[in-house]
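312 is the number that this note's numbering gives to position 312 of the sequence shown; each next residue is one higher, with no gaps. Every residue gets a Cβ at the ideal spot worked out from N, C-alpha and C, and that includes glycine. Written below as structure tokens is the structure these notes are about.
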Amino acid sequence: MRHPHPYLHAFQVALLAAALGVLTACASTKHDVAASAPPGPVWPPPPAQARVAYLESISGPADIGQGPSVWNKVSTWLSGNATQRDNLVKPFGLALDDQTNLCLTDTAQAAVYYCDFARRKWRRWDMAGKTRFVSPVAVARKNGIFYVADSELGKVLAFRDDGHEVWEIAAPLQRPVGLCLAGNSLYVTDSQTHSIFSFDLGGHLRFSFGKRGSEPGEFNFPSHLSCDARGLLCVTDSMNSRVQVFDAEGKLLRQIGSAGDTSGHFGRPKGTACDSAGHLYAVDALFDNVQVFDADGRLLLDWGTAGSGPGEFWLPNAIVISQDNRIFVADTYNHRVQVFQYLGGS
């Protein structure tokens, strides 16, 4: 038998080790790209100064560096085909917890997902205690507790990481479709009652505000809800084609946007979020874009069009922004979450 030269063998081992090192480094640094040069398109495009850059797309556990789950391995071994159970189908609601990890709901899979970027873990829940999700549309997380609005169940459910239910709220809710956390308060939008409810973190009602109408402070099928760093509430007043901003006690402060088919107007407004500079980002599912407004409601920037490439969307739904200005957008019918970076400037 012919044996390889010892120096050749040593070289092959070293080459393999180097390759593994590169792959490991790539996996560990994928989510630290904000400080490096943007890997994709920017907006506005050159020669204008870029304000927003595309970073990456997340469709499943492989995109955060997690290997196949035990379920995937067993299914692949039995069938010979890789299962897509752990991948996103219809990402809908988004939130970031106090560790800046991503929480999301998938209405097609009736599931809640949690992306732990530091540990490269991707977890899934189909139930809160003994209650199986039917249409989880919004999520928040704080101190290890998940809060999920299920529009079909007509409930908000709170559960721990181990899946055990902490509490659930039904009445006075009828069709909860949005929620957010601000301090020790949980705010919930209800599209059936056209109002906003405020609860403490034990699930006890504090107050509510709003009724059906088109006057300031009134709602016509409110949907998404977000809270900025100051505790202000941004309510997507869907059928009135506007975003209304309230203080923590429900006092109206201002309105942004109106119905129209040009930039600065809304066709089908969805989720909202604010960056560290106080700019309001609003997703529009009809225009397949994101619009950015200043505190006075003036349009600063918009990006996106219909498609499946970087920065393109197909019926986007939710948006959330981290403290370091990473922008996560639920690109619902493209089965992914797109990640962008606010680069600063005005």
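Rounded Cβ spacing between residue i and residue j (contact assumed at less than 8 Å)
{"i": "residue 191", "j": "residue 175", "result": "5 Å"}
{"i": "residue 126", "j": "residue 110", "result": "7 Å"}
{"i": "residue 318", "j": "residue 94", "result": "4 Å"}
As assigned by DSSP and simplified to three states, the class of residue i
{"i": "residue 8", "result": "Confidence is the limiting factor: at residue 8 the pLDDT is only 37, short of 50, which leaves the residue's position unreliable, though a coordinate-based value still follows. Three-state DSSP puts residue 8 in a helix."}
{"i": "residue 174", "result": "coil"}
{"i": "residue 334", "result": "helix"}
{"i": "residue 185", "result": "strand"}
{"i": "residue 63", "result": "helix"}
{"i": "residue 135", "result": "coil"}
{"i": "residue 238", "result": "helix"}
{"i": "residue 314", "result": "coil"}
{"i": "residue 271", "result": "strand"}
{"i": "residue 220", "result": "coil"}
{"i": "residue 309", "result": "coil"}
{"i": "residue 91", "result": "strand"}
{"i": "residue 23", "result": "Its pLDDT being 39, under 50, residue 23 is placed unreliably by the model, and the measurement read from it follows with that caveat. Residue state, collapsed to three classes: helix."}
Length of the line joining the Cα atoms of residue i and residue j
{"i": "residue 269", "j": "residue 138", "result": "16 Å"}
{"i": "residue 123", "j": "residue 113", "result": "6 Å"}
{"i": "residue 331", "j": "residue 309", "result": "11 Å"}
{"i": "residue 58", "j": "residue 336", "result": "6 Å"}
{"i": "residue 186", "j": "residue 148", "result": "11 Å"}
{"i": "residue 52", "j": "residue 116", "result": "24 Å"}
{"i": "residue 274", "j": "residue 280", "result": "5 Å"}
{"i": "residue 236", "j": "residue 313", "result": "19 Å"}
{"i": "residue 152", "j": "residue 277", "result": "36 Å"}
{"i": "residue 133", "j": "residue 193", "result": "22 Å"}
{"i": "residue 295", "j": "residue 264", "result": "13 Å"}
Of the residues the options, the one placed nearest residue i, counting alpha carbons only
{"i": "residue 304", "options": "153, 297, 296 and 292", "result": "292"}
{"i": "residue 183", "options": "149, 276, 127 and 227", "result": "227"}
{"i": "residue 230", "options": "181, 262 and 163", "result": "181"}
{"i": "residue 146", "options": "104, 172, 64 and 281", "result": "104"}
{"i": "residue 90", "options": "161, 47, 341 and 333", "result": "333"}
{"i": "residue 413", "options": "320, 258, 225 and 261", "result": "Not covered by the structure: residue 413. The range shown for the chain is 1 to 346."}
{"i": "residue 222", "options": "206, 232 and 197", "result": "197"}
{"i": "residue 251", "options": "208, 286 and 220", "result": "208"}
{"i": "residue 324", "options": "45, 44, 61 and 99", "result": "99"}
{"i": "residue 238", "options": "220, 247 and 261", "result": "220"}
{"i": "residue 101", "options": "118, 93, 86 and 85", "result": "118"}
{"i": "residue 262", "options": "282, 248, 249 and 287", "result": "287"}
Proximity test, Cβ basis, 8 Å: residue i and chain D
{"i": "residue 208", "result": "Chain labels in this structure do not include chain D; a single protein chain is all it has."}
- prompt: Three or more beta-carbon pairs under 8 Å between the stretch 212 to 229 and the stretch 158 to 169, yes or no?
  reply: no
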